[in-house]
Ligand code: ADP
Ligand code: MG
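Numbering (this note's numbering), first residue to last: 3 to 581.
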């Protein structure tokens with residue numbers, strides 16, 4: 003409990019009895035609750051331990067992690083799944099810095115989250131006099147997030163929380179930093195005044211209606227297309243405009259290509275899905291409509307060989323400055339995806355906006371050929387398992403359990419799973435996103451289970467798993483329905499690299515034939531060692547049926563896997579290397 007200064011109590015004889023007090027602790031909790039915040043992800047410590055306790059006592063769910071980065075990733079993906087800012091709570095300096103990676107990653111990916119960190123005494127920090135965990139956190143956070151605020155007075159807590167929420171979810175969503183100095187928590191003020199100082203944010207992410215001209219321009223360009231293509235990005239998944247997006251695609255008959263986290267807005271098995279004909283679709287299309295996807299490295303910046311020459315682009319995005327960031331956008335449509343797609347839907351007709359039959363056929367033929375080519379590889383029963391055999395089994399799991407949430411990271415484990423595992427429902431695939439960052443696995447899994455109540459299947463490279471592996475204790479502690487499958491090929495990319503100079507292992511390898519399944523047993527979870535696709539499928543099914551925390555060590559051939567997965571071209575290699 004916060005202490006109440008004696009002067010305040012002795013204030014005036016007349017009011018002393020009736021006067022109720024509140025403090026920073028309570029005001030922050032009240033402000034969050036007033037704005038519908040139900041869950042906080044964090045790690046306790048000075049100066050926030052008591053705050054977490056009190057929040058829990060007030061009915062906010064407080065999920066404690068082992069490292070702030072994973073709490074931050076959990077908050078970020080909670081924001082993506084719910085369109086409400088996910089909250090991450092950390093201690094000062096080092097805890098804050100640990101959370102900052104997740105905050106920056108959230109901002110890059112357009113996930114709304116608020117990193118709330120306790121901080122040390124301003125007076126000492128600013129004079130650099132050496133406080134406990136001294137650091138100018140606000141200044142450090144600023145360039146890495148959408149907005150950063152500090153609250154110094156209890157009566158400003160309402161405004162601080164309101165501004166943080168608005169900044170996180172309005173316009174292009176992103177990460178926000180809220181700095182709360184230790185002294186603030188204990189500040190006392192009149193309870194009634196305190197209550198009146200809080201703000202319930204009205205319409206935090208207002209609809210942004212596109213201009214009629216921009217919609218008209220887009221429809222005209224689409225009309226002129228012979229070989230149109232629609233690319234769906236995770237912005238489209240975030241927008242939760244699933245029905246209208248589907249209607250737009252089906253009404254026009256235009257082939258669509260989902261970016262990784264947009265898979266499932268329409269099922270990957272949909273007749274118009276061009277996923278298995280990606281190269282052809284990018285190269286041969288003439289007009290491309292981007293819905294909530296950026297022309298960044300994941301789309302070869304919209305130019306070069308992958309695109310086979312100049313295209314005309316329609317881009318739907320809430321951020322006006324995204325337009326022309328890489329190539330000319332012939333028809334920018336600025337607004338929220340729900341409003342933009344609804345406006346386009348009203349204007350399209352099957353007659354005017356449908357692709358040529360040849361184009362639809364070309365995409366379909368290519369797709370069927372590629373799928374047929376892949377089929378036997380996915381059904382293989384090689385011992386030891388290879389990536390394709392193991393992923394073939396997991397592909398069936400998701401087909402049979404389309405509501406499960408798939409979390410995915412790694413190099414080969416990521417690139418191959420993304421292509422192989424079909425998704426059937428929106429916002430079910432959570433992965434490394436725009437940065438291709440490793441370490442999101444367990445944080446995303448925890449939040450996905452908590453926010454949706456659905457079972458989670460985390461498909462993890464053995465290296466990727468290592469970044470957040472300790473959080474399996476968190477998964478066990480909260481008894482979450484998470485099944486982690488570690489694709490264990492004994493190393494980064496492969497387990498077979500050799501260092502010929504001395505007895506140290508090659509720096510890309512791990513202990514060979516490790517048993518990751520034994521780790522979870524230490525915390526009361528279920529560990530399984532799977533050596534065949536069949537064993538793997540059985541173990542995952544059992545985990546999903548029971549909902550018990552499970553870790554499956556999928557023993558993969560150490561020779562399987564290629565350097566940097568599918569993005570080996572980004573990894574410079576010396577031609578002068580001495581062998
Ligand atoms: P992907 O990696 O799947 O291609 P990106 O993260 O690159 O997706 O792009 C997502 C885009 O979606 C961003 O440019 C972002 O501004 C935009 N966006 C996010 N939410 C909305 C929304 N509700 N309405 C419109 N655009 C949005
Ligand atoms: Mg590996």
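We put the beta carbon where it would ideally sit given N, CA and C, even for glycine.
(request) With distances taken Cα to Cα, identify the nearest neighbour of residue 360 among 318, 228, 552 and 43. (result) Checking every option, the nearest Cα to that of residue 360 belongs to 228.
(request) Find the nearest neighbour of residue 530 within the set 516, 552, 255 and 511, judged by alpha-carbon distance. (result) Between residue 530 and the set 516, 552, 255 and 511, the nearest pair of CA atoms involves 552.
(request) Could you tell me which of 356, 433, 105 and 107 sits nearest to residue 274, measuring between CA atoms? (result) Minimum Cα distance to residue 274 is reached at 356.
(request) In the DSSP assignment, find the alpha helix (DSSP H) that holds residue 233 and state where it starts and stops. (result) Residue 233: not part of any alpha helix (DSSP H); member of the beta strand (DSSP E) spanning 230-234, first to last residue.
(message) The alpha helix (DSSP H) that contains residue 342, what's its start and end?
(response) It spans 339-349 - the alpha helix (DSSP H) in which residue 342 sits, taken as one unbroken run.
(message) Across the segment 423-442 and the segment 459-474, are there enough close Cβ pairs to call them in contact, namely three or more that are closer than 8 Å?
(response) Because the criterion of three Cβ pairs below 8 Å is met, the segment 423-442 and the segment 459-474 touch.
(message) Here's a check: name, in chain order, each residue in its chain whose Cβ is nearer than 7 Å to the Cβ of residue 354, leaving out the five neighbours to either side.
(response) Once the five neighbours on either side are set aside, the close Cβ partners of residue 354 are 225.
(request) Have a look at the DSSP bridge pairing and note the partners of residue 115. (result) Beta-bridge pairing links residue 115 to 88 and 177.
(message) Along the chain, where does the beta strand (DSSP E) containing residue 540 start, and where does it finish?
(response) First-last for residue 540: 535-548, but that is the alpha helix (DSSP H), not the beta strand (DSSP E).
(request) Using three-state DSSP, classify residue 383 as helix, strand or coil. (result) Three-state DSSP puts residue 383 in coil, outside helix and strand.
(request) Would you mind stating whether residue 458 and residue 400 have Cβ atoms separated by less than 8 Å? (result) Not closer than 8 Å, so no.
(request) For residue 573, I'd like the list of residues in its chain whose CB is within less than 8 Å of its CB, leaving aside the five on either flank, ordered along the chain. (result) Excluding the 5 residues flanking it on each side, residue 573 has same chain C-beta neighbours closer than 8 Å at 565 and 566, in chain order.
(request) Can you say whether residue 509 is buried or exposed, counting buried as having 16 or more other CB atoms within 10 angstroms of its CB? (result) If you draw a 10 Å sphere on the C-beta of residue 509, you find fewer than 16 other C-beta atoms in it, and that means exposed.
(request) Just mark residue 559 as buried or exposed, buried being the case when its beta carbon has 16 or more other beta carbons within 10 Å. (result) It counts as buried.
(message) Check for me: the beta strand (DSSP E) holding residue 203 runs from which residue to which?
(response) Where residue 203 is concerned, there is no enclosing beta strand (DSSP E), given that its DSSP letter is neither H nor E.
(request) Give me the Cβ distance between residue 280 and residue 259, rounded to the nearest whole Å; I'm assuming they're in contact under 8 Å. (result) Right, their Cβ atoms sit about 6 Å apart.
(request) Mind checking which residues open and close the beta strand (DSSP E) that includes residue 39? (result) From DSSP, residue 39 is part of no beta strand (DSSP E); its letter is neither H nor E.
(message) Pairs of beta-carbons, one from the segment 317-336 and one from the segment 287-294, closer than 8 Å: are there three or more?
(response) As far as the Cβ criterion goes, the segment 317-336 touches the segment 287-294, which means the pair count is three or higher.
(request) Can you give me the start and stop residues for the alpha helix (DSSP H) that residue 56 sits inside? (result) For residue 56, the enclosing alpha helix (DSSP H) covers residues 51-59.
(message) What does the alpha-carbon distance come out to for the pair residue 84 and residue 450?
(response) If you draw a straight line from the Cα of residue 84 to the Cα of residue 450, it is about 10 Å long.
(request) Grab me the residues of residue 303's own chain with a C-beta within less than 8 Å of its C-beta, minus the 5 sequence neighbours each way, in chain order. (result) So the qualifying residues of the chain are 297, 328 and 329.
(request) Please indicate yes or no: does the CB of residue 471 lie closer than 7 Å to some heavy atom of the ligand MG? (result) The answer is no for residue 471.
(request) Evaluate residue 405 with the Cβ neighbour count: other Cβ atoms within 10 Å of its Cβ, from every protein chain shown; 16 or more gives buried, anything less gives exposed. (result) Its Cβ having fewer than 16 others within 10 Å, residue 405 is exposed.
(request) My understanding is that residue 388 touches residue 562, with C-beta atoms under 8 Å, so please give their C-beta distance in whole angstroms. (result) Contact between residue 388 and residue 562 holds: CB atoms are separated by about 5 Å, below the 8 Å threshold.
(message) Would you call the segment 374-391 in contact with the segment 233-250, where contact means no fewer than 3 C-beta pairs closer than 8 Å?
(response) Note that the segment 374-391 does not touch the segment 233-250; fewer than 3 beta-carbon pairs, one per stretch, sit closer than 8 Å.
(request) Report the option in 340, 333 and 212 whose CA atom is closest to the CA atom of residue 219. (result) Here the closest residue by C-alpha is 333.
(message) Considering only the alpha carbon of each residue, which of 490, 505 and 502 lies closest to residue 519?
(response) The candidate whose alpha carbon is nearest that of residue 519 is 490.
(request) State the Cα-Cα distance for the pair residue 149 and residue 108, rounded to the nearest angstrom. (result) Just so you know, the alpha carbons of residue 149 and residue 108 end up roughly 12 Å apart.
(message) Within 8 Å, do at least three Cβ pairs link the segment 117-129 to the segment 89-99?
(response) Touching, yes, given that three or more Cβ pairs across the two stretches are closer than 8 Å.
(message) Helix, strand or coil, according to DSSP, for residue 168 in the structure here?
(response) The three-state secondary structure of residue 168, taken from DSSP, is helix.
(request) Hey, could you find the ends of the beta strand (DSSP E) residue 2 is sitting in? (result) Shown here, the chain extends from 3 to 581; a query on residue 2 therefore has no answer.
(message) Taking the alpha-carbon of residue 112 as reference, which of 434, 52 and 205 has the nearest alpha-carbon?
(response) The candidate whose alpha carbon is nearest that of residue 112 is 434.
(message) Quick check on residue 485: does DSSP put it in helix, strand or coil?
(response) Note: residue 485 maps to strand in three-state DSSP.
(message) I want to know whether the segment 363-372 touches the segment 411-425 - three or more CB-CB distances under 8 Å.
(response) Segment contact: the segment 363-372 against the segment 411-425, fewer than three CB-CB distances shorter than 8 Å; contact not assigned.
(request) Could you check which residue in 285, 213 and 571 has the C-alpha nearest to that of residue 336? (result) Checked all of 285, 213 and 571; the closest Cα to residue 336 is 213.
(message) For residue 494 and residue 207, I'd like the C-alpha separation in whole angstroms.
(response) CA-to-CA, the gap between residue 494 and residue 207 works out to about 41 Å.
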